[in-house]
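Below is one structure, written out as structure tokens; the observations come after it.
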Amino acid sequence: MNVFDLLEDDTRPRAPPIPQATAADRMAGKRLAMIHAMHIDALDETKAMMLKVEAGELDAGTLATKIETLDMMRNYVRFGNLCGRECEFLNYHHSAEDGDIFPVILAGANDGLKAVIQRLMQEHDVIHELLLTLSKNVAALLADPGAETFAQAKETFCLIDRVVRSHFGYEQTELEEALGFYRAL
Ligand SMILES: [Fe+2]
Ligand SMILES: [Fe+2]
């Protein structure tokens with residue numbers, strides 16, 4: 022599986038409905054969407070800082086100066102720190118799903134639901150690789166804040182931003198019933 026498979030929603034297996042699931046189960050399952058929303062907020066905040074850096078670079082370009090202002094340097098570092106926080110935050114979330122949540126569902130799941138969990142775990146592997154790359158990009162950016170190191174981190178961050186949003190949407194939709202029904206969350 023590669024990064025772009027995470028953007029191909031029609032290749033993802035769908036969870037069979039659980040007829041015995043109650044409205045209360047589905048309500049409980051919606052908590053995952055709330056957790057995801059916190060991560061989305063963090064991604065949005067990081068993206069806003071990224072746009073601020075880009076605007077600063079444009080300004081510097083129009084002034085035809087190569088001097089990186091103190092303000093720009095600070096924003097490069099801020100973006101790097103936000104990306105670093107993202108890496109930890111998402112790693113923690115996926116570890117909790119892989120280690121605590123998915124095993125509970127798998128213990129009772131039928132083949133259809135198992136296929137969804139397997140797919141989600143494969144997606145976690147792909148995202149984990151991207152997070153490792155971002156973590157390296159962040160180290161380079163913080164060691165030498167500038168246009169080049171920023172561009173690298175930005176590229177990885179934008180990819181993560183796209184695939185994580187897609188992953189969240191799939192996961193929270195397909196697992197909504199199962200999370201509550203199997204008391205996994
Ligand atoms: Fe996940
Ligand atoms: Fe998740």
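Numbering follows the working numbering, in which position 137 of the sequence shown is assigned residue number 158; successive positions increment by one, without gaps. Ideal Cβ placement from N, Cα and C applies to all residues, glycine included.
For the putative contact between residue i and residue j, defined by C-beta atoms under 8 Å, what is the C-beta separation to the nearest angstrom?
i      : j      : result
His60  : Leu27  : At roughly 15 Å, the Cβ-Cβ gap does not stay under 8 Å, so His60 and Leu27 are not in contact.
Arg33  : Tyr191 : 6 Å
Asn158 : Ala174 : 4 Å
Leu206 : Ile138 : At roughly 14 Å, the Cβ-Cβ gap does not stay under 8 Å, so Leu206 and Ile138 are not in contact.
Val147 : Val24  : 6 Å
Quick check on residue i: does DSSP put it in helix, strand or coil?
i      : result
Met93  : helix
Arg47  : helix
Asn112 : helix
Gly101 : helix
Leu151 : helix
Arg140 : helix
Ala205 : coil
Ile39  : coil
Leu196 : coil
Asn158 : helix
Asp271 : Missing from the structure shown is residue 271; the chain here goes from 22 to 206 and no further.
Is the closest heavy atom of ligand 1 to the C-beta of residue i under 7 Å?
i      : result
Glu192 : yes
Glu107 : no
Glu118 : yes
Leu141 : yes
His60  : no
Closest by CA to residue i, which one among the options?
i      : options                        : result
Glu186 : Glu150, Arg204, Asn158, Glu144 : For clarity, residue 186 is Arg in the given sequence; the question names Glu instead. For Arg186, the nearest C-alpha among the options comes from Glu144.
Ala63  : Glu109, Leu206, Lys51, Val137  : Glu109
Ala39  : Leu153, Thr90, Asp92, Asp132   : According to the sequence displayed, residue 39 carries Ile and not Ala. For Ile39, the nearest C-alpha among the options comes from Asp132.
Leu162 : Phe189, Thr194, Val98, Ala130  : Val98
Ala164 : Leu180, Glu197, Met94          : Met94
Glu195 : Met22, Pro37, Glu29            : Pro37
Pro66  : Thr170, Arg106, Tyr113         : One point to set straight first is that residue 66 is Glu, not Pro, in the sequence displayed. Looking at the Cα atoms, Arg106 is the closest of the given residues.
Given the structure, does residue i come close to ligand 2, in the sense that its CB is under 7 Å from one of the ligand's heavy atoms?
i      : result
Leu53  : yes
Phe110 : no
His114 : yes
Phe189 : yes
His149 : no
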